[in-house]
Amino acid sequence: MTASHRFQEDVLKQCMRSIQEQNLSVYSASKKFGIPPSKCRYCLSNHWKNKPTPGPNTCQIVQWLQQMQHRGFPVSRKTLLTKVASFLKANNRQTTFKNNQPGRKWLALFLRRNKNLSFRKPETITSASSRISENDIRSWFENITNWLTMNNFIQFLHDPSRVFNGDETSFNLHSKTKEVIVVKGSKNVYEIEQASGRQNVTVMFTFSADGNVVHPHVILPGKRIRKEIAQGFPANWGLGQSERGWMDTNNFREYIIKVFHPWLVARGVQCPVILFLDGHSSHKSIEVADVCQLLGIILISLYPNKTHIIQPADVAVFKPLKEKWRDLLRQTFPLKHFGPVLQDAVMFGIKAESIQNGFRVCGFYPFGPENVDFSKCLNVPEQNNSTNRIQEPGTQSVSSPQISVPPIQNPSQNHLTQALGNNSYTYFENTSSQNETH
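The sequence shown lines up with residues 132 to 569 when you count with this note's numbering.
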């Protein structure tokens, strides 16, 4: 280990200030701060003043790693090195690393300096989580409850306006082929398409436990967004782009800063808030963690590969939304019509009651496994399958034990209208180990 790696930067600065400003001798400062005299003299020399630092602040990296583990986003070697490089670039830090990219040597020294960290192989979850049991999910709820309690965050779960679930989903721009009426005996029947039959658009949605919809964030494929396309979206929606039109770190960070947090402020939602997400790589970067910590947004990862059981967006919202989308998608259309059609699909395809029921049966409000439908676990015994199903609006559900918390306030349909913006549009028919998702 080199001398420059043995001491924290703040300790070195304190030592240098005591020598330069307090007229402390090199020997006295060395003894006080535990730094060798030769090191002190070198730090006082011109060589040291102009030398780049060997890497980022160690304490900040360690805290990030610990937070990611506790929230269900464990970090791999490659992810750590990539995120450190992103951190250095974002903060305009010049280092001795080639292209400002740390390598295996820095990683080895980093682990040697931080004895409480080590690499372990996580348990692999395969085959659509067929081996995950009811006990695994109950343990997840218990671990999250313990972590929130330990950090004095548990009270936020008792306010439905401060509990959120976010997820991405994709929409295609072409309708499925349907039977048409033609002259008997016709061999060749064609229909002209107005857009690529394989084009899909990714949209980030977030919902609150009290039944509200946060403004969506649409991610378009390509390197730039044409003016006529951007003009088709409500002004308060998020709009970004990536090469393939998939969610990435930059888009998620922009969504938090420009869409999600402004929506919280506009509606008077008190921070901190809790946002449950899957373990996508874009959700666990240093850049996102720093922004969320600053804004009072607590990110918590869902149990891997069980989003069909404990993710309200998947369980209760996306299915009726996609059905309404297919109803409105009478024919294939170009990308410039995507915004108005999606706005109508969200307006008429999502109900506040469905969102509330989704949070209830997924165990997010009230928080706990009592209402979770464990029959979806393939290896659960039959006697444990007596759980609640999603209650459709206007129907009666079977009750089950619930945590004692304030009752959910039923928002009116106007809340959804406000969340989606007041713009009125018409179109030609009138409306978790993880990589990038699409």
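Ideal Cβ positions, reconstructed from N, Cα and C, are used throughout, including at glycine. Please read all numbers here as calculations on a predicted model, not as lab measurements.
Distance between residue j and residue i (C-alpha atoms, nearest Å)
i, j, result
"I431", "V390", "19 Å"
"P512", "Q442", "Reliability fails at P512, whose pLDDT of 47 lies under 50, so the model's placement of it is uncertain and the value that follows must be treated cautiously. About 22 Å."
"K507", "F490", "16 Å"
"S270", "K163", "48 Å"
"V193", "V206", "11 Å"
"F495", "A397", "24 Å"
"A361", "V334", "15 Å"
"N181", "C171", "With a pLDDT of 46 at N181, under the threshold of 50, the modelled position of that residue is not reliable, and no figure is offered here."
"N488", "N502", "10 Å"
"H439", "H201", "22 Å"
"L155", "Q145", "11 Å"
"K220", "F228", "12 Å"
"S149", "S176", "15 Å"
"L78", "E299", "Since the first residue of the chain shown is 132 and the last is 569, residue 78 is not available in this structure."
"R224", "I481", "46 Å"
"W195", "Q474", "37 Å"
"W394", "I428", "13 Å"
"P365", "V422", "25 Å"
"N541", "V400", "Unreliable placement is indicated for N541, whose pLDDT of 37 sits below 50; no coordinate value is reported for it."
"W278", "K437", "20 Å"
"S530", "V492", "Low confidence applies to S530: its pLDDT is 32, below 50, so where it sits in the model is not reliable, and the reading given next is rough at best. Cα to Cα, S530 sits roughly 11 Å from V492."
"V536", "P471", "With a pLDDT of only 30 at V536, under 50, the local geometry of the prediction cannot be trusted, and no value is derived from it."
"S169", "R251", "39 Å"
"W456", "G234", "47 Å"
"T380", "E152", "44 Å"
"E310", "N382", "Note on E310: pLDDT 49, under 50, position unreliable in the model; no value is reported."
"V477", "R357", "23 Å"
"N283", "L433", "20 Å"
"F241", "T226", "15 Å"
"K246", "G165", "20 Å"
"C402", "D458", "38 Å"
"V157", "D141", "17 Å"
Whole-number beta carbon distance between residue j and residue i, since they are thought to touch under 8 Å
i, j, result
"F464", "G363", "Not really, about 11 Å apart at Cβ, beyond 8 Å."
"L304", "L143", "So it is not a contact: roughly 58 Å between Cβ atoms."
"A420", "Q198", "6 Å"
"H414", "Y386", "11 Å between Cβ atoms; not a contact."
"S190", "M147", "It is Cys, not Ser, that sits at residue 190 in the sequence shown. The pair is not a contact, with the Cβ atoms about 19 Å apart (cut-off 8 Å)."
"H346", "N367", "5 Å"
"F505", "E265", "4 Å"
"I268", "P435", "Not really, about 11 Å apart at Cβ, beyond 8 Å."
"I486", "V448", "6 Å"
"P167", "S159", "So it is not a contact: roughly 13 Å between Cβ atoms."
Given residue i as reference, the closest of the options once Cα atoms are compared
i, options, result
"A483", "G499, I428, L370 and A444", "A444"
"Q232", "S217, F241, R244 and K246", "S217"
"T213", "M478, L460, I417 and Y434", "I417"
"S249", "L211, I285 and N382", "L211"
"F498", "L288, I356 and K220", "L288"
"I238", "K209, E265, N230 and L219", "It should be noted that the sequence gives Leu, not Ile, for residue 238. Answer by Cα proximity: K209."
"V404", "C171, L426 and F383", "L426"
"F302", "W278, F336 and N277", "F336"
"V332", "E152, M281, M378 and E359", "M378"
"N230", "T380, V215, N381 and C493", "V215"
"V344", "F479, G165 and V492", "F479"
Chain C within 7 Å of residue i, Cβ atoms only
i, result
"F164", "In the structure shown, chain C cannot be found, because there is only a single protein chain."
| message | Using a Cβ distance threshold of 8 Å, determine whether the region 339-348 contacts the region 285-301, with at least three qualifying pairs required. | response | yes
| In chain order, which beta strand (DSSP E) runs of at least 3 residues are fully inside the region 327-370? | Assignment of beta strand (DSSP E) within the region 327-370, counting only whole runs of 3 or more residues, yields 331-339 and 348-352 in chain order.
| message | Can you confirm whether the region 451-463 touches the region 398-408 when touching is taken to mean that 3 or more C-beta pairs between the two stretches lie within less than 8 Å? | response | no
| said: For the region 351-359 against the region 367-386, do three or more pairs of beta-carbon atoms, one drawn from each stretch, fall closer than 8 Å, so that the two count as touching? | reply: yes
| task | At 4 residues or longer, and completely inside the region 376-418: list those alpha helix (DSSP H) runs for me, N to C. | result | Whole alpha helix (DSSP H) segments, 4+ residues: 380-386 and 392-397.
| field | alpha helix (DSSP H) runs contained entirely in the region 419-462, provided each spans 4 or more residues | value | 438-441 and 449-459
| field | Complete beta strand (DSSP E) runs within the region 196-253 (minimum length 3 residues, chain order) | value | none
| What runs of the beta strand (DSSP E), each 3 residues or longer, lie entirely inside the region 279-303? | 294-303
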